[in-house]
Amino acid sequence: MTTMVVAGRNGQALPILQLLVNFPHQQPGWEAAELFGLEVSLKKTEVFYQPACQEVFHHPYIIIGESELKSVQEFNYLGSIISLDGKIDKEIDNMLAKAYKAFCKLHKRVWCNKLLKKSTKISVYRATVLSTLLYGSESWDIYRHHLRLLECFHQRCLHTILNIHWTDYVTNVSVLEQAVVMNIEAMFPRTQLCWAGHVSRMENYHLPKIVLYGELATGCHKKGAPKRRYKDSLKQSLSLGHIDHHHWSTLASNQDTWRHTIYNAAASFENTCRIILEEKRQCRKNHVLPIPPKETFCCSFCNRTCLSRIGLFSHQRTCSKCG
């Protein structure tokens, strides 16, 4: 399937696309392809038009010959789904479905096979399921709720492989230790930093490096919280690995040093996450209440103690003894 991708700017994208279709020398491109023995399938050709941020969306009307091309809101490009709004929700759902399908195909032959060792099953799981689940994750702008979905699927697969049931009361940290596998939250920064280092070592004329280091000369975002950018996700991955985001490209210039750095950073972050989860679990088991702040605020009318100044103001507005 052929898909034409257009990014709108000042309303000139669609006329330019129609001009490219009719190129070269006023001869339609689909007729020019026939001169070289190529055939363009108009039924499989689609148009994906993405307008600028503050531009009103108009339905693209692109004609080749006498046929109008189909306009789509999303399309599958090299196994990844690109949406009109730029979000990765459908991409995550697509990867979860593909990984689940790959996991189910090996259920009887591998996961339930008692003749295979645990290490062999985990190796197959990494090669078939995890690689499918995290395909294209190097370029994701991931949020916390995405990580929860991926981690939940990761834990369910490991429970099945290790034959652990929910009635066994085994923690997620113990499951990861038995399987000798990292959690998704630690895998994602490692893959993203690995790809970022690869892009930084490219020549300056390569398109991925131009997009990574480029900035918009004009324009402004809408009111409200700005959308998460790839640079924001990259800075978060660098901070999790305790890597200076001002000089990371210099460190990434040496491939071996960069790989050693990010793998050590991922392992350190994984250990920190496990320690924090174990501490939270012990606090829940021991029913330890969180330590209240040292500074408290007392109501001058009813002597009620509030933990914050804004809480005191809110209480005094409704205190029955005020006034």
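Using the working numbering, the first residue of the sequence shown is number 708, and each one after it goes up by one.
The beta carbon of each residue, even a glycine, is placed where N, CA and C say it ideally should be.
Should Tyr768 be labelled buried (16 or more other beta-carbon atoms within 10 Å of its own) or exposed?
-> The residue labelled residue 768 in the question sits at position 61 within the sequence shown. It counts as exposed.
From which residue to which residue does the alpha helix (DSSP H) around Glu858 run?
-> Within the sequence shown, the letter at position 151 stands for residue 858. Residues Arg851 to Ile868.
Measure the beta-carbon distance from Cys1006 to His1022 and round it to whole angstroms, keeping in mind my assumption that it falls under 8 Å.
-> For the purposes of this step, residue 1006 is taken as the residue at position 299 of the sequence shown. For the purposes of this step, residue 1022 is taken as the residue at position 315 of the sequence shown. That belief holds up - the Cβ atoms of Cys1006 and His1022 are roughly 6 Å apart, short of 8 Å.
Report yes or no: do three or more beta-carbon pairs, one from the segment 787 to 800 and one from the segment 818 to 836, lie closer than 8 Å?
-> no
Span separating the alpha-carbon of Thr898 from that of Glu845 | On the sequence shown, residue 898 is found 191 positions in, with the first residue counted as 1. On the sequence shown, residue 845 is found 138 positions in, with the first residue counted as 1. Cα-Cα distance, rounded: 6 Å.
What does Ile771 pair with, by DSSP beta-bridge criteria?
-> Taking the first residue of the sequence shown as position 1, residue 771 is located at position 64. Ile771 is bridged to Ser774.
Own chain, CB closer than 7 Å to Trp955, minus 5 neighbours either side, in chain order = Start at 1 with the first residue of the sequence shown, and residue 955 comes out as number 248. Closer than 7 Å at Cβ, skipping near neighbours: Leu945.
Below 6 Å CB to CB, which residues in the same chain sit around Leu919 once its five sequence neighbours on both sides are set aside?
-> For the purposes of this step, residue 919 is taken as residue 212 along the sequence shown, with counting starting at 1. The residues are Val906.
Would you kindly work out how many angstroms separate the C-alpha atoms of Arg1011 and Cys1026, rounded to a whole number?
-> Position 304 of the sequence shown, counted from the first residue, corresponds to residue 1011. Position 319 of the sequence shown, counted from the first residue, corresponds to residue 1026. Those two C-alpha atoms are separated by around 10 Å.
Would DSSP call Tyr756 helix, strand or coil?
-> If you number the sequence shown from 1, residue 756 lands on position 49. Tyr756: strand per DSSP, three-state reduction.
Roughly how many angstroms lie between the CA atoms of Tyr937 and Ile983, to the nearest whole one?
-> In the sequence shown, counting from the first residue as 1, residue 937 sits at position 230. In the sequence shown, counting from the first residue as 1, residue 983 sits at position 276. Their Cα atoms are separated by approximately 27 Å.
Would you identify the three-state DSSP class for Ser1015, choosing helix, strand or coil?
-> If you number the sequence shown from 1, residue 1015 lands on position 308. Correct three-state label for Ser1015: coil.
According to DSSP, residues forming a beta bridge with Asn978 = Numbered from 1 along the sequence shown, position 271 holds the residue referred to as residue 978. The partner list for Asn978 (beta bridge, DSSP) is empty, contrary to what the question assumes.
Looking at the unbroken alpha helix (DSSP H) that takes in Ser946, where does it start and where does it end?
-> If you number the sequence shown from 1, residue 946 lands on position 239. Tyr937 to Leu947 is the extent of the alpha helix (DSSP H) around Ser946.
Output the distance between the C-alpha atoms of Ser838 and Ser1015, rounded to the nearest integer angstrom.
-> Against the sequence shown, residue 838 aligns to sequence position 131. Against the sequence shown, residue 1015 aligns to sequence position 308. Approximately 48 Å between the Cα atoms of the pair.
Straight-line CA distance for Ser940 to Pro896?
-> Position 233 of the sequence shown, counting from 1, holds the residue named residue 940. Position 189 of the sequence shown, counting from 1, holds the residue named residue 896. Rounded to whole angstroms, Ser940 to Pro896 spans 9 Å at the Cα level.
Mind checking which residues open and close the beta strand (DSSP E) that includes Ile789?
-> Stepping through the sequence shown from its first residue, residue 789 is reached at position 82. Where Ile789 is concerned, the enclosing beta strand (DSSP E) stretches over Ser787 to Ser790.
Please determine if the segment 779 to 789 and the segment 746 to 766 are in contact, where contact requires at least 3 C-beta pairs separated by less than 8 Å.
-> yes
Taking the alpha-carbon positions, what's the Lys808 to Leu900 distance?
-> As a first step, residue 808 must be located in the sequence shown, where it is residue number 101. As a first step, residue 900 must be located in the sequence shown, where it is residue number 193. C-alpha separation (whole angstroms): 28 Å.
Name the DSSP bridge partner or partners of Phe1004?
-> Your numbering for residue 1004 matches position 297 in the sequence shown. DSSP lists Cys1013 as partners of Phe1004.
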